[in-house]
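The opening residue of the sequence shown carries number 9 in the numbering used here; numbering runs sequentially from there.
Heads up, the beta-carbon is just placed ideally off N, CA and C, and yes, glycines get one too.
See structure below.
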Amino acid sequence: MFAQLTDAYFNPLARAGRLIKRIAGKTSEDPPIMSGEADSYAGDYVIAPLASRAFPWPPTTLIAVCKT
């Protein structure tokens, strides 16, 4: 949701509209503020073994931990 709000806020037409408002002496909305309270929920990010097939496509990120 935050990404969509940010995209809408920085859209060139929205930026032009805020500029026109400022020129007219009116105030406009502030940029959206990131609040992580509702952006992730328990279970959104699951760490699973690479061999497990949770999705039909291959993983795009591999996290490796090296212990010395």
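For P40, collect the residues of the same chain with a Cβ closer than 8 Å to its Cβ; drop the 5 residues on either side in sequence, then sort them by chain order.
F10, L13, T14, Y17
Taking the straight line between their C-alpha atoms, what separation do you get for L21 and L27?
10 Å
Boundaries (first-last residue) of the alpha helix (DSSP H) holding G25:
20–31
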